Amino acid sequence: MDNDFFDRVYDICRRIPQGRVTTYGAIARAAGAPRGARMVGWAMNKSGSITPAVPAHRVLNRNGMLSGKHAFATPRTMQQLLEAEGIEVKDDRVTDFEKLFWDPMKLSEF
DNA sequence: ACTTTGACTATAA
DNA sequence: GTTATAGCCAAAG
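Residue numbers (the working numbering): 636 to 745.
Written as C-alpha cells, this is what we have:
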C-alpha cells in the first residue's frame, strides 16, 4: 500500500462502527506504527481538513477518556456525538469503555 | 536547521 | 489509587 500512515489511520477510523470506540494505540498498531499513537492524534487533528471527515469522536485514549474533546468545535461536541450514538459518557470518560471498545485489527483479520 | 509541542503509552515512585 | 518521568515520532514555530 502506498497510502501514507495518515491515510491508513483515516481509513481505520471510518471503519469504526457507530456506537463503538477505539484507542489511538489500537489504530496505530493496525496502521503499522505501534509507537505512533501520538501521530494518530495528529492525524485526527488534521481530520477537520480532509475529506471525507472521519468520526474522530470515536477515538479515545487508552483510558477511554475523551482526550481530544478540545479539538472539536467545542469541548462538548465530542461527548454529545458519543451520547448521540448511544455511548454513555461520564466525567470526560466513556462508561463501559472495555465493552464498547472496537479493535480495528479484529475486523481486518490479517 | 533547531527547538518545542502534542487528541499517547508505559513504567516508576 | 494518583502523580511524575521517560520514550516515541512527526509537524509547527
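By construction, the Cβ of each residue, glycine as well, lies at the ideal position given by its N, Cα and C atoms.
As the structure is a computational prediction, the values presented were derived from the model and not from experiment.
Residue i versus residue j - alpha carbon distance
i: LYS704; j: LEU695; result: 9 Å
i: LEU742; j: VAL675; result: 19 Å
i: VAL673; j: ARG697; result: The identity of residue 673 in the sequence shown is Arg, whereas the question assumes Val. ARG673 and ARG697: Cα-Cα distance of roughly 12 Å.
i: ASP646; j: TRP737; result: 15 Å
i: ARG711; j: TYR659; result: 20 Å
i: GLN653; j: MET740; result: 17 Å
CB contact flag (residue i, residue j, <8 Å)
i: VAL644; j: ALA666; result: yes
i: LEU735; j: GLN714; result: no
i: ASP641; j: ALA678; result: The question names Asp, but residue 641 in the sequence shown is Phe. Going by C-beta atoms, PHE641 is nearer than 8 Å to ALA678.
Range of the contiguous alpha helix (DSSP H) that encloses residue i
i: ALA719; result: 712-719
i: GLU723; result: Neither: GLU723 is in no alpha helix (DSSP H) and is coded neither H nor E.
i: GLY676; result: 672-681
i: ALA665; result: 659-666
i: LYS734; result: 732-735
i: ARG649; result: 640-649
Nearest residue (CA-CA) to residue i, options the options
i: GLU718; options: ALA706, ALA668, ARG693 and PHE707; result: ARG693
Quiz prompt | the region 723-736 contacting the region 676-684, beta-carbon criterion three pairs below 8 Å | solution = no
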